[in-house]
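Okay, so here's the structure we're looking at.
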Amino acid sequence: MESNATHNSTASSNNGNNIPIAIAYYIIAIFILLVSLLGMVGNGTVIWMLSRYIKRNPFTTYILNLSVADFGVLVTLGVIYICWVFGGLHPIECPLGVTVFVLLFPLFLFTFSTSQFLLAAISIDRCICVFFPLWHKCHRPSHLSTILCVTIWILTFLFSVIVNAFTFILRYPELPYYQFLLNAVLFMPAMFISTIAMLIKVCFMSPHHKRGKLLTAILVALLFFLLFAFPMNAVQLVFTDHIPASSHYAPIGASLNSAINPVIYFLVGREKNAQSGRRIKKILEKVFQEEESCKEEWHFSLVTRL
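Under my numbering, the first residue of the sequence shown is numbered 44, with each subsequent residue one higher.
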């Protein structure tokens, strides 16, 4: 009798302790859904404007592909967490949850890795532009950004297909974590070093040089990436066997990282006196067409000197 009473009291105590945890999980899931929805609107707007109304240049090619990758991250996270919420926090226990997870988690890994790869390429490109502006303006191949973007999509797709094929065919569930290892080893050091180098160059070595909106937007985006995307890679690498409750904060960082870039473009490029009807187009042009105007000014000054 006493043992039964003790068992019942322990079970009720565990249920009581699980209620606040379940509420916290629901709050996290709803937050991720809201961030994903807003991020899809923002990235969708950037994709629409860059593909239809804004003149294409090498840098907008990077941004367009980055927005597509971030849009994919947010869509997969949104659908996964919708099933997570309506499945009672245990979507894997129902057949629909299993199907959704099997289909969308590989897509999440693919788009998340592509986003990191593209940001690494952007950071290296901007770092070269800051330290070697003459070479960047004169000798950089005109189609380099297009070639790099296509190569990145192909490589990350092939790697994701191989990883997930081995995972589901050979029943090796730890294999996807090697993709996070690749992200952490290849992308994080490159972006960290290039971001710190650009900050030192712009803020300390050339403090009186006017910083353009494009460079400001890229630096802010890279800083937020290091802040938000690093937890996703770190948690998945450290906790491969048992995912603790704190790991649910990693998707928060991934969703914020994919949703924050359109906000950065808007805040950096906005003007107080801009007309509301053409505001978004003008803002994006102000940020992304800056490189073309700088090239024209540099070419004009070179011609006048000659």
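Idealized CB from N, CA, C, for every residue including glycine.
For residue j and residue i, believed in contact at Cβ under 8 Å, the rounded distance
i, j, result
"residue 28", "residue 125", "Here the chain has residues from 44 to 349 only, and residue 28 is not among them."
"residue 153", "residue 199", "6 Å"
"residue 85", "residue 294", "Not really, about 18 Å apart at Cβ, beyond 8 Å."
"residue 201", "residue 151", "Not quite, the Cβ-Cβ distance comes to about 17 Å (not below 8 Å), so this is no contact."
"residue 324", "residue 92", "6 Å"
"residue 88", "residue 331", "Actually they do not touch by this definition, with Cβ atoms about 13 Å apart."
Spatially closest choice to residue i from the options, by CA coordinates
i, options, result
"residue 312", "256, 269 and 75", "256"
"residue 303", "330, 183 and 267", "267"
"residue 74", "103, 177, 117 and 88", "117"
"residue 220", "66, 162, 156 and 108", "156"
"residue 204", "94, 148, 297 and 63", "148"
"residue 158", "170, 98 and 108", "108"
"residue 164", "68, 77, 229 and 69", "229"
"residue 187", "176, 168 and 173", "168"
For residue i, the three-state DSSP class (helix, strand or coil)
i, result
"residue 332", "coil"
"residue 184", "coil"
"residue 208", "helix"
"residue 127", "helix"
"residue 320", "The predicted model places residue 320 with a pLDDT of 46, which falls under 50 and marks its position as unreliable; any figure quoted below should be read in that light. Correct three-state label for residue 320: helix."
"residue 272", "coil"
"residue 247", "helix"
"residue 63", "helix"
"residue 96", "coil"
Per the contact definition of three or more C-beta pairs closer than 8 Å, is the region 181 to 198 in contact with the region 256 to 272? no
On the three-pair Cβ rule with 8 Å, is the region 224 to 236 touching the region 65 to 81? no
Taking contact to mean at least 3 C-beta pairs separated by less than 8 Å, is the region 293 to 307 in contact with the region 110 to 117? yes
Count the C-beta pairs between the region 222 to 232 and the region 173 to 190 that are closer than 8 Å, then say yes if the count reaches three, no if not. no
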